[in-house]
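Accompanying notes for the structure given below.
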Amino acid sequence: MKGWKVVFQLVLAITLLGLAVYFVQQQQFELERIVDLLAHADKGMVSIGLIFTAILIGSHAALYFFSFRAIEKEVTYWELIDLFLKRNVISVLLPAGGFTSLSFFNKGLKNKGLTAEQIYLASYLYATIGLISVVIVGIPFIGIMYFVGHLDYTLLIGMVVLILFLIVLILLFYSVWKQKWLYNYLVNKSPKLEQSINRIVEEKFMLKPLLWALLASIMIEIIGVIHMYISLEAIGVQPDIVACILAYIAMIILLLASPFLRGMGAIEVSMTFILMKYGYTASEAAASTLLFRFFEFWVLLVLGMIAIAIDRVRFFVA
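To get this note's numbering, take the position in the sequence shown, counting from 1, and add 39.
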């Protein structure tokens, strides 16, 4: 059994490596443009943007930290920074990566004494609270846009779909937690799951850490808007806070809706289009979008790849 597990891990590693190579090849043109853009952008603003990227990573770690605290489990910040960065890489390569990546890189947590059920439950809280924060930030802004007559109905539809998805996600969890229809269905379908599900159901939740987790998640959204603002400032144009918020919300909705490669291509086009609607030229909108993706995507991806590489080196050395 152990031999088959090693073979599976090897096949999975080779597959993910192949996907990573394909991904980088597909994005080579964007990477070249980003390098050129960084050479001409305001260095001070780029430095500030990178500082906020560091805060962004810390906020994701805080979201994980309080998600684990909510079920009365302690994990160090450094371990959670490492977990976030590595899972972020996987989320780019796998379909529905925002959720499927949550099942990866759990060995270190298990070595700390956490069970698989506790890890999955905390990861579920991490993902769900992340969606809730998007709704909390997005709904008031969409309401304001409606009353001032500048509402983008495509964005509204996306937000409605996100809210419906979030409601379904919460109802499904509630059904399992209260041992209702979904619990009965899963147990009847696979009796082996009953013990694992019962361990999840028996976990107790603490409210205060959940509120702190929500605050950390809202901070992630705020940093996203700040990154968009900094990106416009860095290329020498006057930022429009409304355009920054709209572009960021559109990016998040596309990110969640994309089945593969985290919406690459569609996100850039959508954000560029929104910025152009607010008076920016095509070149200004495209340049600021690329810089935004550098802060929010490429830096995290590179750091995650480094973290995975270090992890693999330790594995082979050991």
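From the three backbone atoms N, C-alpha and C, an ideal C-beta is built for every residue, glycine too.
Check	Outcome
Supposed contact pair residue 252 and residue 168 - C-beta distance, whole angstroms, cut 8 Å	5 Å
Where the alpha helix (DSSP H) through residue 149 begins and ends	146-150
Span separating the alpha-carbon of residue 329 from that of residue 243	43 Å
Residue 318: first and last residue of the uninterrupted alpha helix (DSSP H) it sits in	Counting along the chain, residue 318 falls outside any alpha helix (DSSP H), and DSSP gives it neither H nor E.
Supposed contact pair residue 197 and residue 292 - C-beta distance, whole angstroms, cut 8 Å	4 Å
Bounding residues of the alpha helix (DSSP H) (the contiguous stretch that carries residue 123)	116-132
Three-pair Cβ contact test at 8 Å for the region 105-113 versus the region 262-274	no
Same chain, Cβ closer than 6 Å to residue 145, neighbours up to 5 away in sequence not counted	158
Straight-line gap, residue 313 to residue 160 (C-alpha atoms, nearest Å)	37 Å
Assigned exposure category for residue 99 - 16 Cβ within 10 Å defines buried	buried
Meets three-Cβ-pair contact criterion under 8 Å: the region 190-208 and the region 168-181	yes
Assumed close pair residue 279, residue 317 - CB separation to whole angstroms, cut-off 8 Å	5 Å
Contact set for residue 345: own chain, Cβ-Cβ below 6 Å, skip 5 residues either direction	none
Assigned exposure category for residue 268 - 16 Cβ within 10 Å defines buried	buried
Exposed unless 16 or more other CB atoms sit within 10 angstroms - verdict on residue 343	buried
Residue nearest to residue 274 in terms of C-alpha spacing, selected from 84, 142, 119, 336	84
Through-space distance from residue 232 to residue 125, alpha-carbon basis	28 Å
Candidates 283, 295, 226, 239: closest to residue 203 by CA position	295
Closest residue to residue 71 among 282, 132, 326 (Cα-Cα distance)	326
Own chain residues within Cβ distance below 6 Å of residue 114, not counting five before or after	107
DSSP three-state assignment for residue 178, whether helix, strand or coil	helix
Neighbour flag for residue 309 against chain C, beta carbons, 8 Å	In the displayed structure, chain C is absent; only one protein chain is listed.
C-alpha distance - residue 332 paired with residue 176, whole-angstrom precision	20 Å
The region 213-223 in contact with the region 235-242 per 3-pair CB rule at 8 Å	yes
Minimum length 4: unbroken alpha helix (DSSP H) runs contained in the region 201-257	220-228, 232-240
Assumed close pair residue 358, residue 249 - CB separation to whole angstroms, cut-off 8 Å	The structure shown does not extend to residue 358, since the chain spans only 40 to 357, so no value can be given for it.
DSSP three-state assignment for residue 154, whether helix, strand or coil	coil
Three-state class that DSSP yields for residue 350 in the structure shown	helix
Own chain residues within Cβ distance below 7 Å of residue 130, not counting five before or after	136, 137, 140, 301
Selected residue, minimal CA-CA separation from residue 289, among 209, 174, 229	174
Contact under 8 Å by Cβ, residue 205 with residue 170	yes
Buried or exposed by the 16-neighbour rule on C-beta atoms within 10 Å, applied to residue 287	buried
Cβ pair residue 235, residue 156 closer than 8 Å	yes
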